[in-house]
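So the sequence lines, in the order shown, correspond to chains A and B. Going by our numbering, the final residue of the first sequence carries number 771, and the count climbs one at a time with no gaps. Going by our numbering, the final residue of the second sequence carries number 162, and the count climbs one at a time with no gaps. A short worksheet on the structure shown next.
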Amino acid sequence: MSPTTAARYVGQSVKRLEDPRLVTGHGRYVDDVVLAGMLHVAFARSDLARGTITHLDTSAAAALDGVRAVFVASDLNPQVDSLRASMFPPHAPAPPPNLLADKDVRFVGDPYVMVVAESRYIAEDAIELLDVEFEPLEPVVDYETAADASALVHPELETNLPNQMQVPNPEQTEAFAGAAQVITETWYQHRQTNVPMETRGIVASWQPHAGVMEVWASTQSPHELQLMGARTLGIGEHKMVVHFGDVGGAFGQKVFLGREDRAVLVAAKLLGRPLKWIEDRRENLLAANHARIEQMTVSIAVDEDGKFLAANLDQLQDDGAYPLGGPAGLGAMSTTLFPGPYRMGPVSWQARTVHTNTCGRGAYRGPWQMESVAREQMIDRVASEIGIDPLELRRRNVLKPEDLPYQTSTGLSFETTISPDQTLDQAAEIIGYEDFRVEQAKARERGRYLGLGIALYIEPTSMGMGPLGTESAMLRVEVDGHINLFMGTGSHGQSLETTMAQLVADELGVCPEDVSLHQGHGSGYGFGTGGSRSAVIAGGAARAAASGMREKVIAIAAHLLEASAGDLEVTDGVISVKGTPSAQVTMAQVAATAYQNSDALPEGMEAGLEFTARFKTPPVTHSNACHICTCEVDPGTGKVTLLRYVVSEDCGNMINPMVVHGQVAGGVAQGIGGALYEHAVYDENGNPLASTFLDYLVPTAAEVPEIEHGNVVVPSDTPGGHKGTGEGGAIGAPPAVFNAVADALAPFGVYPNRQPLDPNAVLSLIASGAK
Amino acid sequence: MAEAVAISVKVNGRLQQGLVEPRLTLADFLREKALCTGVHLGCEHGVCGTCTILLDGQAVRSCLMFAVQANQAEVTTVEGLALNEDTLHPVQQAFSDCHGLQCGFCTPGFVISVAAFLEANPDPTDEEIRHGISGNLCRCTGYQGIVAATRQAAATMGGKSR
Numbered sequence: 001m002s003p004t005t006a007a008r009y010v011g012q013s014v015k016r017l018e019d020p021r022l023v024t025g026h027g028r029y030v031d032d033v034v035l036a037g038m039l040h041v042a043f044a045r046s047d048l049a050r051g052t053i054t055h056l057d058t059s060a061a062a063a064l065d066g067v068r069a070v071f072v073a074s075d076l077n078p079q080v081d082s083l084r085a086s087m088f089p090p091h092a093p094a095p096p097p098n099l100l101a102d103k104d105v106r107f108v109g110d111p112y113v114m115v116v117a118e119s120r121y122i123a124e125d126a127i128e129l130l131d132v133e134f135e136p137l138e139p140v141v142d143y144e145t146a147a148d149a150s151a152l153v154h155p156e157l158e159t160n161l162p163n164q165m166q167v168p169n170p171e172q173t174e175a176f177a178g179a180a181q182v183i184t185e186t187w188y189q190h191r192q193t194n195v196p197m198e199t200r201g202i203v204a205s206w207q208p209h210a211g212v213m214e215v216w217a218s219t220q221s222p223h224e225l226q227l228m229g230a231r232t233l234g235i236g237e238h239k240m241v242v243h244f245g246d247v248g249g250a251f252g253q254k255v256f257l258g259r260e261d262r263a264v265l266v267a268a269k270l271l272g273r274p275l276k277w278i279e280d281r282r283e284n285l286l287a288a289n290h291a292r293i294e295q296m297t298v299s300i301a302v303d304e305d306g307k308f309l310a311a312n313l314d315q316l317q318d319d320g321a322y323p324l325g326g327p328a329g330l331g332a333m334s335t336t337l338f339p340g341p342y343r344m345g346p347v348s349w350q351a352r353t354v355h356t357n358t359c360g361r362g363a364y365r366g367p368w369q370m371e372s373v374a375r376e377q378m379i380d381r382v383a384s385e386i387g388i389d390p391l392e393l394r395r396r397n398v399l400k401p402e403d404l405p406y407q408t409s410t411g412l413s414f415e416t417t418i419s420p421d422q423t424l425d426q427a428a429e430i431i432g433y434e435d436f437r438v439e440q441a442k443a444r445e446r447g448r449y450l451g452l453g454i455a456l457y458i459e460p461t462s463m464g465m466g467p468l469g470t471e472s473a474m475l476r477v478e479v480d481g482h483i484n485l486f487m488g489t490g491s492h493g494q495s496l497e498t499t500m501a502q503l504v505a506d507e508l509g510v511c512p513e514d515v516s517l518h519q520g521h522g523s524g525y526g527f528g529t530g531g532s533r534s535a536v537i538a539g540g541a542a543r544a545a546a547s548g549m550r551e552k553v554i555a556i557a558a559h560l561l562e563a564s565a566g567d568l569e570v571t572d573g574v575i576s577v578k579g580t581p582s583a584q585v586t587m588a589q590v591a592a593t594a595y596q597n598s599d600a601l602p603e604g605m606e607a608g609l610e611f612t613a614r615f616k617t618p619p620v621t622h623s624n625a626c627h628i629c630t631c632e633v634d635p636g637t638g639k640v641t642l643l644r645y646v647v648s649e650d651c652g653n654m655i656n657p658m659v660v661h662g663q664v665a666g667g668v669a670q671g672i673g674g675a676l677y678e679h680a681v682y683d684e685n686g687n688p689l690a691s692t693f694l695d696y697l698v699p700t701a702a703e704v705p706e707i708e709h710g711n712v713v714v715p716s717d718t719p720g721g722h723k724g725t726g727e728g729g730a731i732g733a734p735p736a737v738f739n740a741v742a743d744a745l746a747p748f749g750v751y752p753n754r755q756p757l758d759p760n761a762v763l764s765l766i767a768s769g770a771k
Numbered sequence: 001m002a003e004a005v006a007i008s009v010k011v012n013g014r015l016q017q018g019l020v021e022p023r024l025t026l027a028d029f030l031r032e033k034a035l036c037t038g039v040h041l042g043c044e045h046g047v048c049g050t051c052t053i054l055l056d057g058q059a060v061r062s063c064l065m066f067a068v069q070a071n072q073a074e075v076t077t078v079e080g081l082a083l084n085e086d087t088l089h090p091v092q093q094a095f096s097d098c099h100g101l102q103c104g105f106c107t108p109g110f111v112i113s114v115a116a117f118l119e120a121n122p123d124p125t126d127e128e129i130r131h132g133i134s135g136n137l138c139r140c141t142g143y144q145g146i147v148a149a150t151r152q153a154a155a156t157m158g159g160k161s162r
């Protein structure tokens, strides 16, 4: 018997449409793009954290056979029209618009010469021939003292402290005065970096008489690249054509154009030849962007029962020399989000951002996650100080359905559709909380050190302010009935070719294989993929476009079948009369009529099958999750082994559970790496000590445990009931892992407050303890 | 500059001849001369495994070899694994079935490494899988789908499934 209802794809773990080309090596990443006459770019980069360029002679480099051009700052910097990115206000204090370092260098990795040659090999040979001398200057390396340093990272800004905000709250002061106890600790997060497996890269081709710049790039925001590129060159947006291919990961690194990308655009225009720059891994680790380096001093007041009464926060973050994207400073976002899933009471906060002579800060998966890192560690500290179990302390303070909707004192509004209490309970149940505590006690008696860590958080997803507010979907049923979907997204691992096709397939009554997603040139403006925004915002647009298209398809089919529109159903691309399956037309027949036999359309109907929709998203759609992991610490070696890892996630209705769990697991692995292994460390002179994968330790399959998933499903109020989930894993994992290690070390009487918890750190903590 | 050297390498069953500089890496030779752009470069210092290929049946990192060292050798890249356009290699099929990839950039190296690993160890335990594939880095998946894919491929390729 044939099915009587249309197959439903949303909610199913549909296999990915991206995979056949990617598993066979037929993806098209930026380094796979080859243009006739294309030349290759390499940058000379500073080995000094801060210094003056006292002598620079490029003549020997320029004379090398195969070298086509050597550019210095005075060639490229004056060509820049504007470096503005849409997200940032035009007049925010920002570092000077130096594509190349001019007169002085400001961090190790600062590019000061660009060589263009017939091959990358020759370009790098030429860099060896540069005659350059520097006079070293005392660098600003320590961000804790940067604000008061006499040396200035950017003399143009006249300060190393370009960004500070203070929001005192008298109710907080009052609450502290009357509290049973106020507990204070400073939490430190260390310098990490995104590490997409594909580094940054761009191919730029200037068409002189047309005045068109054609670009292929590794990007997560093709339209923002188009706007930033056009602004850099001072050309019309329509003259900037951005092709979008496969992108090998980004995690926030590929939202904005970097200085090198812009230098390539300017140079390609000057030379009139296609240029390719593919960042190598050393460049990526030294100069793409760093992240996470920050500290937050937290004071929390509690009453006798462990109820949170108020909090005071002091956040300081390091933006390095040239933040990726322009003015940065998300410290205020971390403090604002700090209350998270708890009734925290009144909060006062201060957030400061400083410049140092180090690699610039950039967005990295949950760029504000210090709020969860600091809060969840702090809650465990409070629990330990007042002698309440950390799960119980969270249960006493967590937001419950009767608290919702909820407004925090920092101005956040949580919808009735969040469920932090449920994810907390679910994760605790999956891990077997009580049983673990018994096991842990027994293990301690035998001299084994097990620990458990909890992290509960609310993730602000699909934020809708300014340029982030909308996405567009242009949907076309082609003459043969296949559906082409053009969107402003920039899928780089998030599986949008599959998930957007699932949404369209269900709305339109076709199969996902009948839908092809096209991104980049030809699609309508959208901010791209990042900020956990595609399911809700792009998904909303795809749904709306498909829904509009369905009406037109039904109207044409009704006319062709001489039936009433209300009697029709669409299954697998066939439109038929309910109960009379022989009366049917295919999507291809409807499309052929719409395009090639338009006289047969209903009277007055516009020819063709094209529909465009734009979805405007609410200000924010919150998801929430709870991570609980267990670990064992070897006190002899300092090694931390993760035993189990549980994530209970509420991201509303899942479009594709396989994809959701993949996003969560990937984020968790990054968080584990951050907490235990990865460290983009500098010495006191500003020399980076992690410039290869031998020093910057990305976790492998041997370090990441199996991740167990629980799902609570409370649909959001957005179309389809989805919530974002892309960043959450990397938000929850660092504090969960940290708390687990701290718990394991508790018998030694030590209180770690710094990451990474690598073997050296663990051993020195144990040595400092008084067991 | 050193004299170019004539080499001849069988790449995915097809003879690829050329004059190459001695310093040209095998990875660049495969990408630029043999047009096997499935050979990806993730670090160019031999850690990430993204450029892994089979050289006379052994998994090697093509960024750590010069093309001249592969003279007269047989190379298989990810493009040479699938039986035909309609039939994926069991490892490729398993990566797709088990969500063993997201952005796909590390995938060619992983697919080759897993194929070589299962050749040498057809019936691995989970722990052996995790250590066997720990020479390749993935930044997207957290390895969950990759471990599952290796398990599935082991079963379909004839090893006893555990």
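We treat Cβ as the ideally placed atom computed from N, Cα and C, and that holds for glycine.
> Does the beta-carbon of residue 152 (chain B) have 16 or more other beta-carbons within 10 angstroms, so that it is buried, or is it exposed?
Replying inline: buried
>> Bridge partners for residue 254 (chain A) per DSSP, in chain order?
In response: Beta-bridge pairing links residue 254 (chain A) to no other residue.
>> Considering only their Cβ atoms, is the gap separating residue 574 (chain A) from residue 586 (chain A) smaller than 8 Å?
In response: yes
> So, are the CB atoms of residue 341 (chain A) and residue 398 (chain A) less than 8 Å apart?
Replying inline: yes
>> Here's a check: name, in chain order, each residue in its chain whose Cβ is nearer than 8 Å to the Cβ of residue 119 (chain A), leaving out the five neighbours to either side.
In response: 40 and 66
>> Quick check: the stretch 649-658 of chain A against the stretch 490-506 of chain A, are at least 3 beta-carbon pairs closer than 8 Å?
In response: yes
> When the distance is taken between beta carbons, is residue 628 (chain A) closer than 8 Å to residue 453 (chain A)?
Replying inline: yes
> Where does residue 13 (chain B) fall in DSSP's three states?
Replying inline: coil
> Hey, how far is the Cα of residue 473 (chain A) from the Cα of residue 724 (chain A)?
Replying inline: 18 Å
> When the Cα atoms are used, what is the spatial distance from residue 352 (chain A) to residue 259 (chain A)?
Replying inline: 25 Å
> Three-state secondary structure (DSSP) at residue 172 (chain A)?
Replying inline: helix
>> Looking at chain B, is there any beta carbon in it that lies within less than 8 Å of the beta carbon of residue 482 (chain A)?
In response: no
> For the stretch 9-41 of chain A, which residues have a CB atom closer than 9 Å to at least one CB atom of chain B, in sequence order?
Replying inline: 13, 15, 16, 18, 19, 20, 21, 22, 23, 24, 25, 26, 27, 28, 29, 31, 32 and 34
> Looking at C-alpha atoms only, which residue of A:546, A:424 and A:216 is the closest neighbour of residue 391 (chain A)?
Replying inline: A:424
> residue 121 (chain A) touches chain B at which residues, Cβ-Cβ below 9 Å?
Replying inline: 21, 23, 24 and 28
>> I'd like the ranges of any beta strand (DSSP E) spanning at least 3 consecutive residues and lying wholly in the stretch 455-480 of chain A.
In response: 470-477
> Near residue 361 (chain A), what residues of its chain come up, given a Cβ to Cβ distance below 8 Å and the 5 sequence neighbours on each side ignored?
Replying inline: 289, 290, 291, 293, 317, 318, 319, 320, 323, 324 and 328
>> Does residue 377 (chain A) pass the burial test, meaning 16 or more other C-beta atoms within 10 Å, or should it be called exposed?
In response: buried
>> Using beta carbons (cut-off 8 Å, strictly below), is residue 139 (chain B) in contact with chain A?
In response: yes
>> Less than 8 Å between CB atoms is the rule here; does residue 51 (chain B) satisfy it with respect to chain A?
In response: no
> When burial is assigned at 16 or more other CB atoms within 10 Å of the CB, is residue 114 (chain A) buried or exposed?
Replying inline: buried
> For residue 547 (chain A), does the three-state DSSP call read helix, strand or coil?
Replying inline: helix
> Which word fits residue 120 (chain B), buried or exposed, when buried means at least 16 other C-beta atoms lie within 10 angstroms of its C-beta?
Replying inline: exposed
> Tell me the DSSP bridge mates of residue 629 (chain A)?
Replying inline: A:453 and A:645
>> The alpha helix (DSSP H) that contains residue 276 (chain A), what's its start and end?
In response: Counting along the chain, residue 276 (chain A) falls outside any alpha helix (DSSP H), though it belongs to the beta strand (DSSP E) covering 275-278.
>> Just verifying my parser: in three-state terms, what is the DSSP assignment at residue 1 (chain A)?
In response: In this prediction, residue 1 (chain A) has a pLDDT of 31, which is less than 50 and means its spatial position is unreliable; what the coordinates show is noted afterwards. Residue state, collapsed to three classes: coil.
>> List, in chain order, every chain B residue whose beta-carbon is nearer than 7 Å to that of residue 707 (chain A).
In response: 142 and 144
>> I'd like to know if residue 196 (chain A) contacts chain B, where contact means its C-beta is closer than 8 Å to some C-beta of that chain.
In response: yes
> Is DSSP giving residue 185 (chain A) helix, strand or coil here?
Replying inline: strand
>> I'd like to know whether the C-beta of residue 75 (chain B) is nearer than 8 Å to at least one C-beta of chain A.
In response: no
> Which whole-angstrom value is the C-beta distance of residue 80 (chain A) and residue 200 (chain A), which I expect to be below 8 Å?
Replying inline: The Cβ separation is near 19 Å, so there is no contact.
> Taking just the CA atoms, how far does residue 170 (chain A) sit from residue 670 (chain A)?
Replying inline: 39 Å
>> I'd like the ranges of any beta strand (DSSP E) spanning at least 3 consecutive residues and lying wholly in the stretch 128-166 of chain A.
In response: 131-136
>> Tell me the rounded alpha-carbon separation between residue 296 (chain A) and residue 731 (chain A).
In response: 16 Å
> Exposed or buried, which one is residue 679 (chain A) when buried takes at least 16 other CB atoms within 10 Å?
Replying inline: buried
> Starting from residue 777 (chain A) and walking both ways along the beta strand (DSSP E), at which residues does that stretch end?
Replying inline: In this structure chain A extends from 1 to 771, so residue 777 (chain A) is not present and cannot be described.
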